[in-house]
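Novice:
In full-length UniProt numbering, the protein residues as written are 1 to 359.
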């Protein structure tokens, strides 16, 4: 099993760990925490601590145990079975300030055990992405399209956008990772459906690269027409207008009422991808600021967490308060696209005009 850039995982401890004040109550100090305390958690407490339902914990544990990445851990700290390792991983992923020492102390295991668990589960989940993050088949397309049609925008099967994940200074070529807000970041490009499930994912471009360039160089750009057929995906003004990618009319003060109505309905439907990214980061809070520095490791980690999102989301209901929080955070960290020349597909202009006319 290849390390895939994880050989120095143990050295990636956050430099701020020494300054963390660990809140170690009696539950944390319990040497049998995983064996005695966690099983007594209510479903609500389990969700609060691990960000997923108990059913999802069991589902991931079963898949992990049957994979090549699983190793039971026996030693002076006891034996950690697949379910225990999944809980350790989920707790780390779900807590923004957690460092390796924090996890080791909470679960009464060694730091080396923590790093091995994080490495194995990250690789395991990342490599599930081809089966968990899949473009919709014909039946799914009909279901997704029906939702968007009912919401005022027919022939749509997904929404595309990018999101920035804040990093510490990368080891190699750090300047290319500085985005327009002035912080180091790596980018996610994703397409989601009406249920906020990711249906396509592209991770790894430095923060300085514009959305349109990320899209042009992504595998999706080369296969979008084949994947969509007669359907569309929706994007914002950072993307080029194409036959299967609808974007807003540029507002220079001369838009017709028909074009304004089109823009409003596109924005109303497209915001679901922003909610998807917001939900991803709200639940799995390590994505607010990844402390790892090796880019291959970070790419696997981000992809793994997106897989977790897709597995977990089927057990969740929309939370109005969460959506309000997400919208506020998106407004605070939005990175503009105005300085990039976007090349629209001239043949797609008539398609957009036709859609605008029938909305």
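Cβ coordinates follow ideal geometry from the N, Cα and C atoms, glycine included.
As the structure is a computational prediction, the values presented were derived from the model and not from experiment.
#1: Spatial neighbours of residue 47 within its chain, please: CB distance less than 7 Å, with the 5 preceding and 5 following residues excluded, ordered by chain position.
#2: For residue 97, name the three-state secondary structure that DSSP assigns.
#3: Counting only the same chain and skipping the five closest in sequence on each side, list residues whose C-beta sits under 8 Å from that of residue 302.
#4: Are residue 201 and residue 184 touching if we call contact CB-CB under 8 Å?
#5: Enumerate in chain order the residues of its own chain whose CB-to-CB distance from residue 5 is below 6 Å, with the five nearest sequence positions on each side excluded.
#6: Where does the unbroken alpha helix (DSSP H) through residue 206 begin, and where does it stop?
#7: Drop a sphere of 10 angstroms on the beta-carbon of residue 136, count the other beta-carbons inside from all chains shown, and report buried for 16 or more, exposed for fewer.
#8: Taking its Cβ as the centre, do 16 or more other Cβ atoms sit within 10 Å of residue 234, making it buried, or is it exposed?
#9: What are the boundary residues of the beta strand (DSSP E) that includes residue 234?
#10: Suppose you measure from the CA of residue 285 to the CA of residue 95; what does that come to, to the nearest Å?
#11: Can you give the Cα-Cα distance for residue 138 and residue 276, rounded to whole angstroms?
#12: Find out if the Cβ-Cβ distance for the pair residue 132, residue 273 is shorter than 8 Å.
#13: Under 8 Å between the Cβ atoms of residue 242 and residue 348?
#14: Determine the DSSP secondary structure at residue 209, reduced to helix, strand or coil.
#15: Looking at residue 389: is its Cβ nearer than 8 Å to the Cβ of residue 101?
#16: Could you check which residue in 63, 181, 172, 156 has the C-alpha nearest to that of residue 292?
#17: What do you get for residue 71, buried or exposed, if any count of 16 or more other CB atoms within 10 angstroms of its CB means buried?
#18: What does a CB cutoff of less than 7 Å around residue 67 pick up in its chain, not counting 5 residues either side in sequence?
#19: Determine whether the Cβ of residue 151 lies closer than 8 Å to any Cβ atom of chain B.
#20: Starting from residue 283, follow the alpha helix (DSSP H) in both directions and report where the run begins and ends.
#21: CA-CA distance, residue 36 and residue 81?
#22: Please classify residue 282 as buried or exposed, where buried requires at least 16 neighbouring CB atoms within 10 angstroms.
#23: Which value, in whole angstroms, describes the spacing of the CA atoms of residue 65 and residue 121?
#24: Any idea what DSSP makes of residue 147, helix, strand or coil?
#25: Find the nearest neighbour of residue 182 within the set 169, 191, 193, judged by alpha-carbon distance.
Specialist: Taking the geometry as given:
#1: For the purposes of this step, residue 47 is taken as residue 47 along the chain shown, with counting starting at 1. The residues are 53.
#2: Taking the first residue of the chain shown as 1, we reach residue 97 at position 97. Here residue 97 sits in coil by DSSP.
#3: Position 302 of the chain shown holds residue 302. The residues are 165, 186, 188, 203, 287, 290.
#4: Looking up residue 201 in the chain shown gives position 201. Looking up residue 184 in the chain shown gives position 184. Going by C-beta atoms, residue 201 is not nearer than 8 Å to residue 184.
#5: Taking the chain shown and counting its residues from 1, one reaches residue 5 at position 5. Model confidence at residue 5 stands at a pLDDT of 46, short of 50, so the residue's coordinates are unreliable; what they give is reported in the following sentence. Once the five neighbours on either side are set aside, the close Cβ partners of residue 5 are 294, 296, 297.
#6: As a working mapping, residue 206 is identified with position 206 in the chain shown. That residue, residue 206, is in no alpha helix (DSSP H); its beta strand (DSSP E) goes 198-206.
#7: Reading the chain shown from its first residue, position 136 is the one you call residue 136. Burial call: buried.
#8: To locate residue 234, count along the chain shown from 1; it is residue 234. Classification of residue 234: buried, given that the 10 Å Cβ count is 16 or more.
#9: Here residue 234 refers to the residue found at position 234 of the chain shown. Residues 232-234.
#10: The residue labelled residue 285 in the question sits at position 285 within the chain shown. The residue labelled residue 95 in the question sits at position 95 within the chain shown. So the alpha carbons of these two residues sit roughly 5 Å apart.
#11: Stepping through the chain shown from its first residue, residue 138 is reached at position 138. Stepping through the chain shown from its first residue, residue 276 is reached at position 276. Roughly 23 Å between the two C-alpha positions.
#12: In the chain shown, counting from the first residue as 1, residue 132 sits at position 132. In the chain shown, counting from the first residue as 1, residue 273 sits at position 273. Going by C-beta atoms, residue 132 is not nearer than 8 Å to residue 273.
#13: Here residue 242 refers to the residue found at position 242 of the chain shown. Here residue 348 refers to the residue found at position 348 of the chain shown. Result yes, Cβ atoms of residue 242 and residue 348 sit closer than 8 Å.
#14: Locating residue 209 in the chain shown gives position 209, where the first residue counts as 1. Residue 209 falls in the coil class under three-state DSSP.
#15: This structure cannot settle anything about residue 389, because the visible part of the chain is limited to 1 through 359.
#16: Taking the first residue of the chain shown as 1, we reach residue 292 at position 292. The residue with the shortest Cα to Cα distance from residue 292 is 172.
#17: Position 71 of the chain shown, counted from the start, is the residue given in the question as residue 71. By the 10 Å Cβ count, residue 71 comes out exposed.
#18: Residue 67 sits at position 67 when you count from the first residue of the chain shown. So the list reads 124, once near-sequence residues are dropped.
#19: This model lacks chain B altogether, as it is built from one protein chain only.
#20: In the chain shown, counting from the first residue as 1, residue 283 sits at position 283. Looking at the DSSP string, the run of the alpha helix (DSSP H) that includes residue 283 is 257-283.
#21: Locating residue 36 in the chain shown gives position 36, where the first residue counts as 1. Locating residue 81 in the chain shown gives position 81, where the first residue counts as 1. Rounded to the nearest angstrom, the two C-alpha atoms are 14 Å apart.
#22: In the chain shown, the residue the question calls residue 282 occupies position 282. Counting Cβ neighbours within 10 Å, residue 282 comes out buried, since at least 16 surround it.
#23: Here the question's residue 65 lines up with position 65 in the chain shown. Here the question's residue 121 lines up with position 121 in the chain shown. Each residue's Cα considered, the two are about 11 Å apart.
#24: As a position in the chain shown, residue 147 is number 147, starting the count at 1. Three-state result, residue 147: helix.
#25: Your numbering for residue 182 matches position 182 in the chain shown. Ranking 169, 191, 193 by Cα distance to residue 182 puts 169 first.
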